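The structure under discussion appears below in the form of structure tokens.
Protein chains: 2
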Amino acid sequence: MKEYMLQLGQKARAASIEMSRAESSVKNQALLAIAHAIDCASDTLKLENQKDLQAGRTKGLDGAMLDRLELNDQRISGMSEGLRQIAALQDPIGEITDMGYRPSGIQIGKMRVPLGVIGIIYESRPNVTADAAGLCLKSGNATILRGGSEAIHSNKAVAKCIQQGLVEVGLPADAVQVVETTDRAVVGELITSAETVDVIIPRGGKSLIERISKEATVPVIKHLDGICHVYIDDTADLDKASDIAFNSKTHRYGVCNAMETLLVHASIASQCLPELAMRFVEKGVELRGCDLTSKIIDCKIASDEDWDTEYLAAILSIKIVKNLDQAIEHINKHGSHHTDTIVTENYTLSRRFLREVDSSSVMVNASTRFADGFEYGLGAEIGISTDKLHARGPVGLEGLTSLKYIVLGDGQIRE
Amino acid sequence: MKEYMLQLGQKARAASIEMSRAESSVKNQALLAIAHAIDCASDTLKLENQKDLQAGRTKGLDGAMLDRLELNDQRISGMSEGLRQIAALQDPIGEITDMGYRPSGIQIGKMRVPLGVIGIIYESRPNVTADAAGLCLKSGNATILRGGSEAIHSNKAVAKCIQQGLVEVGLPADAVQVVETTDRAVVGELITSAETVDVIIPRGGKSLIERISKEATVPVIKHLDGICHVYIDDTADLDKASDIAFNSKTHRYGVCNAMETLLVHASIASQCLPELAMRFVEKGVELRGCDLTSKIIDCKIASDEDWDTEYLAAILSIKIVKNLDQAIEHINKHGSHHTDTIVTENYTLSRRFLREVDSSSVMVNASTRFADGFEYGLGAEIGISTDKLHARGPVGLEGLTSLKYIVLGDGQIRE
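Chains as they are written, first to last, in this note's numbering: chain U, 30 to 444; chain B, 30 to 444.
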């Protein structure tokens, strides 16, 4: 297995050099060829997917898992459509910025280049195979994809379409490789292959990502969880506040940018909480409040643990705070540095919130649900990062690139 | 010790919050106050330094080590002058860029913020204490400094000046802390304290940095070595080529951006190597060439190992290559992704070299010795990174910061 992964890595490294030199038009042709291959292979994909679904049912996978695993017509055309959208995005590679002259006479600036080899580790969803491969391809990287063992037939079938498209336009098939063994030790091998892999992007549940972060020696772009807050200040427009809080929680429950805790300024709590609580309860959201909250609305009492919990469900914790300072302190202490928003009409408070909240996205008067690569105009998203180094927040094509310095001289030497 | 480091980390974390909010003028006042305190403490600093030198001599440290360890009048005023220069630089914190409206009506951009807590691990040179602390302070970070045990008295004395300056202007003394124990386990503790430390910057020999990279769970900004190349193409202006090669090797030997291997196009080798070899030999540089080289000039035969060696000394390996492709292949395989330059008058070849050489600095017709924070106009340098993620190349103030997304809305919710 070690030998197999080493070979995979070396093939990816070699392909990454070709990919870094590939012209935009060729990369785009490859994306369109892959999209076409996926459309044409629709029946085969569903057939291979059936094997995985069958095995999943036999293994007793739960309904949600089986749903994520399924490739139906809609999801298959979703994959090809996604690839066509990536083809339409601007190529980030080769962009040169900040060229300027120095007193020595040299001219210096930065050039955007691919990262090299990207390892993607993910669970169940076979459509990630096409999405992730497409983004890595467009940004001139080679990719090693390690999907969940439960999706192995589907992933191999998608990979076949991808390699067919690559070869059709003269790009190396090894630019996108799917790990074909389901041996679990593969993950440990992949995340410690610093010689052949430049960065790991894990997509999946918190336990997978925790394990990878702990054991990886290759850099990891990740977020562990999304404990997002909405803070309603006493200077808020209460209509905006109600809509933003309601949307942030109920637009979708199982997503990382959904609000998990609502913070309310003490002096407007009795004014805004009853109406808001009614909206939530009507929608079926369970409310857990601090002591003060429970005196204003009907709710369970939140435990200490609630403030540190990502529910990913129709549950909301509510805490009344004295002022902005206490709100910021709570967010920086209990949040996950993902996305937090203040509702306020006050200029100075909005500026303080923006500067002092230590999260990858900080918002004023907008729903936390906007924290998303498409909404931010990145055109696509390979994930969200709550790390501070390299990419932070929604990660699009640019997050899959690096900047190197370039220096143009006319024979300058250092005195 | 674990307990001590945890306390240090928690104090740093608390101080980092205050530092992230500190106004530029206050940070600059602190830098000037520290510079003044260092100037005033000159005698004490030399006295404390004598203790380290004494102990070093007793321990039998070599001359080079003792030289790096020494604090004399020149080095002390160098520290204070460096801090005044940092005070004069523009504050990177709070800069907002790329604000633009999205179809949803939200306005989105990025704000530059500090990284948080930076751990610096370094050897012998006590002046790094002031330099590193100054850069981290200016960029709004808190710092934990772990210098070599052989410099402990000097480092503590410098730290006292720093904390005096911080307190004078009302900033927390804990913003810059020097680890006061010489227990070696401290390093292992520091580089795995992801809760309290955001990034580690090691400064020192290759073995220190290798150990840290291997064991750290906190992200590390680093470079291992500098195997830099000059490639003289057959389209080169040979006068420029000779000067650039000579300067890249002999301007200083012991630095990471010095050339270690010279690559020469086969068709001009016999034309340019004899004169160049003479210059090198006159300067006392030992030459080790490939077989072809040895037929043109008098030199030792280079072993396979030579191409992968950072001499940091008056030794140069020389290899004759067939063409640009072979030069690029050699650089990407044997180099350390630090700094490489081509000498050519050909437009197309220069563009290919810039794009295809995978190094943190890629140059045309300029000495490798320019790869330096000051020469690049960063104003200062905390190190050079050969990593691809986050900062790459010379790292100045900007490399000590992160970007977060900020979103300004008027009550927008997601449909």
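Where a beta carbon is used, it is the ideal one built from N, C-alpha and C, also for glycine. No experiment lies behind these values; they were computed from the predicted model shown.
Label residue 93 (chain B) either buried or exposed according to how many other C-beta atoms from any shown protein chain fall within 10 Å of its C-beta, with 16 as the threshold for buried. Residue 93 (chain B) is exposed by the Cβ-count criterion.
Just to confirm, is the Cβ distance from residue 302 (chain U) to residue 314 (chain U) under 8 Å? Contact annotation: residue 302 (chain U) and residue 314 (chain U) have beta-carbon atoms that are not nearer than 8 Å.
Residues of chain U with CB under 7 Å from residue 395 (chain B), in chain order? Ordered by position in chain U, the residues that pass the 7 Å Cβ test against residue 395 (chain B) are 135, 436, 438, 441.
Residues near residue 75 (chain B) by beta carbon distance below 7 Å, same chain, minus five either side: 100
Just to confirm before moving on: does the CB-CB distance between residue 45 (chain U) and residue 184 (chain U) stay below 8 Å? Not a contact, by the Cβ cut-off of 8 Å.
Just the Cα atoms here: how many angstroms apart are residue 389 (chain U) and residue 319 (chain B)? Going by the C-alpha atoms only, they are around 52 Å apart.
Are residue 151 (chain U) and residue 142 (chain U) close, meaning C-beta to C-beta below 8 Å? no
Limits of the unbroken alpha helix (DSSP H) element including residue 165 (chain B): 156-167
Residue 340 (chain B) bridges to which residues according to DSSP? According to DSSP, which records beta bridges pairwise, residue 340 (chain B) is partnered with nothing at all.
Meets three-Cβ-pair contact criterion under 8 Å: the segment 201-208 of chain B and the segment 84-92 of chain B: Not touching, per the Cβ criterion.
Quick one: which chain U residues come within Cβ less than 8 Å of residue 266 (chain B)? 440
Comparing alpha-carbon positions, which option in U:430, U:295, U:246, U:252 lies nearest residue 237 (chain U)? U:252
Indicate whether at least one CB of chain B lies closer than 8 Å to the CB of residue 228 (chain U). yes
Report the start-end ranges of each beta strand (DSSP E) in the segment 374-441 of chain U that is 3 residues or longer and not cut off at the edges. Fully enclosed beta strand (DSSP E) runs of 3 or longer: 390-395, 412-414, 422-424, 430-441.
Proximity to residue 79 (chain B) [Cα-Cα], best of B:155, B:109, B:107: When each option's Cα is compared against that of residue 79 (chain B), the closest is B:155.
Residues in the same chain with beta-carbon distance under 6 Å from residue 344 (chain B), minus the five sequence neighbours each way, listed in chain order, please. 315
Using only the alpha-carbon positions, how far apart do residue 342 (chain U) and residue 136 (chain B) sit? 29 Å
Check whether the Cβ atoms of residue 18 (chain U) and residue 432 (chain U) sit closer than 8 Å, and answer yes or no. A query on residue 18 (chain U) cannot be resolved here, the shown segment of chain U reaching from 30 to 444 and no further.
Put residue 55 (chain U) into one of helix, strand or coil per three-state DSSP. helix
Name, please, each residue of chain U whose Cβ falls closer than 8 Å to the Cβ of residue 404 (chain B). 131, 133, 135, 443
List the residues of chain U that residue 392 (chain B) touches, going by C-beta distances under 7 Å, in chain order. 436, 438
Candidates B:407, B:286, B:327, of which the one nearest residue 305 (chain B) by Cα: B:327
Is the Cβ-Cβ distance between residue 411 (chain B) and residue 424 (chain B) less than 8 Å? yes
Start and end of the beta strand (DSSP E) containing residue 151 (chain B)? That run of the beta strand (DSSP E) goes 146-151.
Leaving out the 5 sequence neighbours to the left and right, which residues in its chain are closer than 6 Å to residue 337 (chain U) when beta-carbon positions are compared? 363
I'd like the ranges of any alpha helix (DSSP H) spanning at least 4 consecutive residues and lying wholly in the segment 34-89 of chain U. Whole alpha helix (DSSP H) segments, 4+ residues: 53-69, 71-88.
Under the rule that 16 or more other beta-carbon atoms within 10 Å means buried, what is residue 330 (chain B), buried or exposed? The residue in question, residue 330 (chain B), is exposed, as its Cβ has fewer than 16 Cβ neighbours within 10 Å.
Chain-ordered neighbours of residue 149 (chain B) on chain U, where CB pairs are closer than 7 Å: Going along chain U, no residue has its Cβ under 7 Å from residue 149 (chain B), so there is no contact; the nearest lies around 16 Å.
Within chain U, partners of residue 13 (chain B) - CB distance below 9 Å: In the structure displayed, chain B extends from 30 to 444; residue 13 (chain B) sits before or after that span and is not available.
Within-8 Å CB hit, residue 399 (chain U) to chain B: By this cut-off, residue 399 (chain U) is an interface position.
For residue 383 (chain U), go through chain B and note every residue whose CB falls closer than 7 Å to its CB, in chain order. 140, 435
So residue 228 (chain B) and residue 250 (chain B) are in contact, right, with Cβ under 8 Å, and what is the actual spacing, rounded? 6 Å
Express the C-alpha separation of residue 276 (chain U) and residue 322 (chain U) in angstroms, rounding to a whole number. 20 Å
Along the chain, which unbroken stretches of the beta strand (DSSP E) at least 3 residues long are found entirely within the segment 226-298 of chain U? 228-232, 257-261, 288-294
Give the straight-line distance between the Cα atoms of residue 145 (chain B) and residue 438 (chain B), rounded to the nearest whole angstrom. If I take the Cα positions, the gap works out to 27 Å.
Quick one: what does DSSP say residue 210 (chain B) is sitting in, helix, strand or coil? coil
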